[in-house]
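As structure tokens, the structure follows; a few thoughts come after it.
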Amino acid sequence: MTKQTNLTKSSLLVAGLLLGTLASPAFAGTKALHCGAVLDQPGTNPRGPSTILVEAGKITEIRAGLDAVDGAKSVNLKDKFCLPGLIDSHVHLTSELSSKGRLDAVTHSDADWAMNAVLHSRRTLMAGFTSVQDVGARGDDAIYAVRDAINRGELAGPRIRAAGKTVSVSGGHGDGRHGYSEDIAAALLSPATCDGVDACRRAVRENVRRTADVIKITATGGVLSNTAAGTEQQFFDDEMRDIVIAARLMGRKVTAHAHGKSGIEAALRAGVSSIEHGTYLDGETIALFKKKGAYLVPTVLAGATVAIMADDPNGFLPPASRAKAKVVGPLMLDMLRRAHQGGVKIAFGTDSGVSAHGDNAQEFVLMVEAGMTPMQAITAATVSAADHLEMSAVIGSIEPGKHADIIAVDGNPLDKIEALLDVGFVMKGGKVYKNKNTK
Ligand SMILES: [Zn+2]
């Protein structure tokens, strides 16, 4: 009996010693981010000095204070402000507006568009945007290939939720054939251009077959299509209704590009989940937004960008686009002011590709100019955008179980939103992609 007890005692001692040596390796694969402050849940007050533990790509714990964690690899962000990776709900990674855009449309291969997206994805990530929604891509499958390669960890870029080809009516905003000769136009006809409910159902289904995560439609005319067809409703009500149903049957949401009041409201009535741009929304539109629970993605940066281009006498916008840009561009800041005051749910989105990729954070400055507090603007780009992208379970805040998508900046962006224009530290999925401190 005594012998046994002694044996047990010594086994316990050995086990204890083993555990003792194992205690630090328990954190061996862990990164410990020591942050001066952490906005872990945008919308609520930030924490003071804290340590975020990250293991296997996920956040495992947030500890108060800056104590070293045994065995964990420390990342010194003690004089930085940490917050969740930013989310841009409206980008076009395969292209960027330039004087050669119309030539690219007829010279680029799918591989060329993919190469663009690789470059732009990297810039976007380095600007602190760890997730994006790509709402309209050039090339057949380029955006999907880039999305998948990023997900496999082979490329540096944000998590991408992709719409693929924009669903548009013939001659509408998303029909890329404007201004080309008929033989070229025939070659440019997209399978996502549709007229009538049958064709529009098919366009949705073809996009889903190509692995689209979300369906993007152009409910109204738009600024940068080379056609003098205005910015009001373009789809018929029954076409939009069937697009939404066809998408829902395959588990997809629909987001609608819309400027004119008629088209915004028709799209909302048809059941789209969100509106991109929203330029001419008014009190009635705001009430409809709230009744439907739809998000607005304001893209004020795109408005500001095209307004500047329209005023440039040496600019490259064709006359039809220039005329629309002059009218629509300057209206967008006030649109956001009305929507925000009216209580519309807002998800951050820039339309990058109109503006330069990597400049996404400039939208924050415009949001604050439109009357949002820095906290509200940051919430739109984290918690709200994650909800809008149906990814709230995995991104949008710093909390145990979510992807370790964490950025850090100098200064407090809640005091001065411009702090977000220079993101010095970017972690996505637990991997550090940028750290100015260690350069
Ligand atoms: Zn867009």
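When you read off a place in the sequence shown, starting at 1, and then add 68, the result is the number in the working numbering. Beta carbons: idealized from backbone N, C-alpha and C, even for Gly.
- Straight-line measurement puts the Cα of Ala448 at about 15 Å from the Cα of Gly410.
- Taking 8 Å as the upper bound for CB-CB distance, Lys148 and Asp478 are in contact here, some 7 Å apart.
- The three-state secondary structure of Met495, taken from DSSP, is strand.
- Those residues placing their Cβ nearer than 6 Å to any heavy atom of ligand 1 are, following chain order, His158, His160, Val203, Gly204, Asp419.
- Excluding its 5 nearest sequence neighbours in each direction, Leu404 has C-beta neighbours in its own chain below 6 Å: Pro366, Val368, Ala438, listed in chain order.
- Rounded to whole angstroms, the gap between the alpha carbons of Thr119 and Gln109 is 15 Å.
- Remark: fewer than three beta-carbon pairs, one from each stretch, lie closer than 8 Å, so the stretch 167-174 and the stretch 124-135 are not flagged as touching.
- Taking the C-beta atoms as reference points, Ala453 is found no nearer than 7 Å to Ile218.
- Proximity of the stretch 380-397 to the stretch 291-299 meets the contact definition, three or more beta-carbon pairs being nearer than 8 Å.
- Per the coordinates, the alpha-carbon of Arg406 lies some 37 Å from the alpha-carbon of Val214.
- Of the residues Leu399, Phe303, Ala297, the one whose Cα lies closest to the Cα of Ala334 is Phe303.
- Just measuring C-alpha positions, the residue of Leu134, Phe95, Trp181 sitting nearest Val106 is Leu134.
- Inter-segment contact for the stretch 300-318 and the stretch 371-378 is absent: fewer than three beta-carbon pairs are separated by less than 8 Å.
- The stretch 423-434 makes contact with the stretch 180-197: 3 or more CB pairs, one atom from each, lie closer than 8 Å.
- For the pair Arg273 and Arg131, the Cα-to-Cα distance works out to about 47 Å.
- Contact between Lys484 and Gly492 is ruled out by a C-beta separation of about 15 Å, above the 8 Å threshold.
- Here Lys470 is buried. Its C-beta has 16 or more other C-beta atoms within 10 Å.
- Shown here, Gly104 sits in a strand according to DSSP, grouped into three states.
- Assigned with DSSP and collapsed to three states, Lys99 falls in strand.
- Beyond the five residues adjoining it in sequence on each side, Gly247 comes within less than 6 Å, by CB distance, of Asn294 in the same chain, given in chain order.
- A direct Cα-to-Cα measurement between Gly397 and Gly346 gives close to 12 Å.
- Residue ranges of uninterrupted beta strand (DSSP E) with 3 or more members, entirely inside the stretch 137-186 and ordered along the chain, are 141-152, 154-159.
- In this structure, the CA atom of Asn184 is about 12 Å from the CA atom of Leu165.
- In the three-state DSSP reduction, Phe384 falls in the coil class, being neither helix nor strand.
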